[in-house]
Amino acid sequence: MLWKIFLLIWMCGVVVAAFLLPAPQSQLGEVSRIFFFHVPMAWVAVLSFLISFVFSILYLRKKEITYDVKASIASRLGLLFAILATISGSIFAKSTWGSFWNWDPRETSIFILLLIYGAYFALRSAVESEERKATLSSVYAILAFVTVPFLVFVVPRVYQSLHPTDSVINTKFHLQMPPPILATFLASLIGFTFLFIWMFKLECEINEISNKLTEE
Amino acid sequence: MSSNFVTMIVTLVIWIGVFFYLLRLDRKVKKLEKK
Numbered sequence: 208m209l210w211k212i213f214l215l216i217w218m219c220g221v222v223v224a225a226f227l228l229p230a231p232q233s234q235l236g237e238v239s240r241i242f243f244f245h246v247p248m249a250w251v252a253v254l255s256f257l258i259s260f261v262f263s264i265l266y267l268r269k270k271e272i273t274y275d276v277k278a279s280i281a282s283r284l285g286l287l288f289a290i291l292a293t294i295s296g297s298i299f300a301k302s303t304w305g306s307f308w309n310w311d312p313r314e315t316s317i318f319i320l321l322l323i324y325g326a327y328f329a330l331r332s333a334v335e336s337e338e339r340k341a342t343l344s345s346v347y348a349i350l351a352f353v354t355v356p357f358l359v360f361v362v363p364r365v366y367q368s369l370h371p372t373d374s375v376i377n378t379k380f381h382l383q384m385p386p387p388i389l390a391t392f393l394a395s396l397i398g399f400t401f402l403f404i405w406m407f408k409l410e411c412e413i414n415e416i417s418n419k420l421t422e423e
Numbered sequence: 005m006s007s008n009f010v011t012m013i014v015t016l017v018i019w020i021g022v023f024f025y026l027l028r029l030d031r032k033v034k035k036l037e038k039k
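In order, the protein sequences belong to chains A and B. Quick note: to get my numbering, add 207 to the position in the first sequence (first position is 1). Quick note: to get my numbering, add 4 to the position in the second sequence (first position is 1).
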C-alpha cells in the first residue's frame, strides 16, 4: 500500500516538474511538454505487448490457462496505453503540424498496431472453447509482437516523417537532454512503469476473484 | 494565471482522480480476497 501512495506523490512531482521546467524542445513551444507523458505511455505500451508475447509463449509451452489470461490482460493494458499515446500524439500534431491526423508514417504505423491488437480481442471474443481460444490467441499475440519493433521503431525512421525522431536519443545514440529534463523524463518512465505493474496486478487479482465466484 | 499553470492543475486533478480510483479498487479487491 505504501508504495502506491509513494507512486502518487512521485507522479505528482513529475507533473509539477514537467510544467515548471523549461519546455524540452523550445523550437516546438510549450506543447513539447507532452513529451514527458507521450513517450512513457508509448514505452509502457511496448512493454505490455512484450509481456503479452512472453506469457503467450509460456502458455504454448506449459498449457496453463493463467498464462493466457495474463497475456490477454497485458495486451489490454498495452492497447489502452497505445491509445493514450496516440491521443497525446495527435494533440501534439494539431499544435505543430496543424491537424490532429496527417497519415504520417508514425501515425499510420501506430494505427496499424492498434488494428492488430484490436483484432486480437476480436479473435478472443469469436472463439468459445477456452482451450482453443487460448491457443489461437497465444499464436496471434506472438505474431502480433513480431510487428511491434518494426512498426514502432523501424517504419518511422525509414520513411521521412514529421515526427521528431531524435527527441530522446540522437543519431549518434547519445542522450541529448539537459540534466533536469532528463531526470524528469526518467522519473516519468519509472512512474508509468510502476503504474502499469499496479494495474496489471490489480487486473490479475480481479480475474482470479471473478473466476472463483463463477466456480462457486 | 498562466495557461501552463492551469494545465498543470488540471493534469494533477486527473492524476489524483485516477490514483484514488485505483486505490479504492485495490482496497475492494483485497476485501473480496479476504472473504
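Cβ atoms here follow ideal geometry from the backbone N, Cα and C, with glycine treated the same way. None of the values given here were measured: they were computed from a predicted structure.
- Interface flag for B:Val17 against chain A is unset, since no Cβ pair is found closer than 8 Å.
- In the assembly as shown, A:Ser306 is an exposed residue. Its beta-carbon has fewer than 16 other beta-carbons within 10 Å.
- Taking A:Pro386 as reference, the option from A:Leu209, A:Gly220, A:Ile216 and A:Pro231 with the minimal CA-CA separation is A:Pro231.
- DSSP, reduced to helix, strand and coil, places B:Asp30 within a helical segment of the structure shown.
- The distance from the Cβ of A:Ser263 to that of A:Ser332 is about 17 Å, inconsistent with a contact at the 8 Å cut-off.
- For A:Leu209, the secondary structure class from DSSP, reduced to helix, strand or coil, is helix.
- With 16 or more neighbouring CB atoms inside 10 Å of its own CB, A:Gly285 falls in the buried class.
- Taking the beta carbon of A:Met218 as reference, the chain B residues within 8 Å of it are Trp19 and Phe23, listed in sequence order.
- For A:Asp275, the secondary structure class from DSSP, reduced to helix, strand or coil, is helix.
- In the structure shown, the three-state DSSP call for A:His245 is helix.
- Residues are counted here when their Cβ sits less than 9 Å from a Cβ of chain B; for the region 330–356 of chain A the count is zero.
- At a cut-off of 8 Å between C-beta atoms, A:Trp405 counts as an interface residue with respect to chain B.
- In chain order, Met12, Thr15, Leu16 and Trp19 make up the part of chain B whose C-beta sits under 8 Å from the C-beta of A:Val222.
- Taking CB atoms only, A:Glu237 has a neighbour in chain B less than 8 Å away.
- Contact annotation, A:Leu228 with A:Thr391: C-beta distance approximately 6 Å; criterion of less than 8 Å satisfied.
- DSSP, reduced to helix, strand and coil, places A:Gly398 within a helical segment of the structure shown.
- Contacts between A:Phe226 and chain B, judged by CB atoms closer than 8 Å, involve Asn8, Phe9, Thr11, Met12 and Thr15 in chain order.
- Spanning the alpha carbons of A:Tyr266 and A:Leu214 requires a straight line of approximately 32 Å.
- When Cβ-Cβ separations below 8 Å define contact, A:Leu409 makes contact with chain B.
- Judged by beta-carbon spacing, A:Phe403 lies within the 8 Å limit of A:Leu254, meaning their Cβ atoms are closer than that value.
- Chain B places a beta carbon closer than 8 Å to that of A:Ile413, counting this residue as a contact.
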